[in-house]
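In this note's numbering, the protein residues as written are 3 to 392.
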């Protein structure tokens, strides 16, 4: 049986110089910490931490700040950083259990590095009687094992922003009242994935990462078990403020969204992001979708070259200066009256925010507001699982 150690180490930031302030109450403040790296909300902020600070000099001369912290104090910060600490208690308790389950796997060695990159071609195209292989770029990046610390502090692992966000006693209460509880399936601690908004239907693991699936991460509709309404389809500001921290609230159109590119914008964007000369873009063609509608293989057809890319995060990164909200989108094109072979604009009609696997934070917040217990919330998003105290 996996057993939680007392502490873990969290990598906070890496920079040529670490600027630290030691505070009178025994905490310390790191200045200029980057959050949301490579996402549309990326920024720097000062963050204050409990526990111990370790500074590591990297081989390239960079400095890395690592926080040594107790598991339970870490969780108080995580559920306050991933969402608002003002959320309902039952929602916070559900978040505490899944975050504890996830980090248990990280520090007991369940999770291994899982990154794949391939240029192996999909089925060959034939042009003028000659078989030509079309290149592909199918990649994923999972929560790989870090070598200098157990987990990092940003969205790549779980958001951990020290005591900066942990301002509500409900967050500490949620951790205390679920102390030691993890989610299991057939005796194994679950790999509890979660995202901001599934868009109405959860996704399977293999759409986003390795070609395998877990029985408890299913592509189910995110419907209220009692009245059948879609849970994450809400614009209630009181509920959204429970999930969306200050900078998350800048993102308002996550359930259904639209992005439009001109031909010039899209061809320039894809050329830069994929380092590939497509010429003018002729088509964005989904080749493979997950059960939620998220695209995991997308063919980009240009006048000079074509390329198939995947999985979902690679697609989201290629089609935005940061990341699209999700890869669950349909493509609408328009043409000029004089040029009917080359589209003038591409409009992406999308749904959801994030990979959509496991718990949907918006939907879970709605369940909490409706009076569901944390056990009912977890049973909805991770069917056939058991809560065990370890």
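We put the CB at the ideal spot given by N, CA and C, even for glycine.
Bear in mind the structure is a predicted one, so any value in this text is a computation, not a measurement.
- A distance of 8 Å or more separates the beta carbons of residue 176 and residue 240.
- Taking C-beta separations shorter than 7 Å and ignoring five residues to either side along the sequence, the partners of residue 74 in its chain run 177, 181, following chain order.
- In the displayed model, residue 301 falls within a strand according to three-state DSSP.
- The DSSP-derived three-state label of residue 76 is helix.
- Within its own chain, the residues whose Cβ lies closer than 8 Å to the Cβ of residue 338, once the five positions on either side in sequence are excluded, are 346, listed in chain order.
- Residue 317 carries a helical assignment under DSSP once its states are collapsed to helix, strand and coil.
- In the DSSP assignment, residue 47 forms a beta bridge with 35.
- The C-beta separation of residue 65 from residue 20 comes to about 5 Å, placing the pair in contact by the 8 Å criterion.
- Counted as a single uninterrupted DSSP element, the alpha helix (DSSP H) harbouring residue 365 occupies residues 363–371.
- Take the alpha-carbon of residue 205 and the one of residue 259: they are about 18 Å apart.
- By the neighbour-count definition (other C-beta atoms within 10 Å, threshold 16), residue 340 is an exposed residue.
- Taking 8 Å as the cut-off, the Cβ atoms of residue 355 and residue 383 do not count as close.
- With contacts defined by Cβ atoms closer than 8 Å, residue 220 and residue 385 form a contacting pair.
- Residue 210 carries a helical assignment under DSSP once its states are collapsed to helix, strand and coil.
- In the displayed model, residue 185 falls within a strand according to three-state DSSP.
- Distance from the CA atom of residue 353 to the CA atom of residue 195, rounded to whole angstroms, is 19 Å.
- DSSP places residue 175 in no beta strand (DSSP E) but in the uninterrupted alpha helix (DSSP H) bounded by 171–179.
- Assignment of residue 271 by DSSP, reduced to helix, strand and coil, places it in the helix class.
- Each of 107, 154, 79, 16 was checked against the Cα of residue 94, and the nearest Cα belongs to 79.
- Residue 244 carries a helical assignment under DSSP once its states are collapsed to helix, strand and coil.
- Look at residue 328 here: in three-state DSSP terms it is coil, with no helix or strand label.
- In this structure the segment 24–35 lies against the segment 45–59, because at least three pairs of beta carbons, one per stretch, are closer than 8 Å.
- No Cβ-Cβ contact shorter than 8 Å links residue 261 with residue 139.
- Contact fails between the segment 208–215 and the segment 362–371, because fewer than three Cβ pairs, one in each stretch, are under 8 Å apart.
- Put simply, the backbone Cα of residue 357 is about 17 Å away from that of residue 217.
- In the DSSP assignment, residue 106 falls outside any beta strand (DSSP E) and lies within the alpha helix (DSSP H) extending over 91–109.
- Closest by C-alpha distance to residue 24, out of 44, 53, 154, 12, is 53.
- Take the alpha-carbon of residue 390 and the one of residue 186: they are about 7 Å apart.
- Secondary structure note for residue 263: it is in no alpha helix (DSSP H), and the uninterrupted beta strand (DSSP E) holding it is 258–264.
- In this structure, residue 108 places its C-beta atom within 8 Å of the C-beta atom of residue 152.
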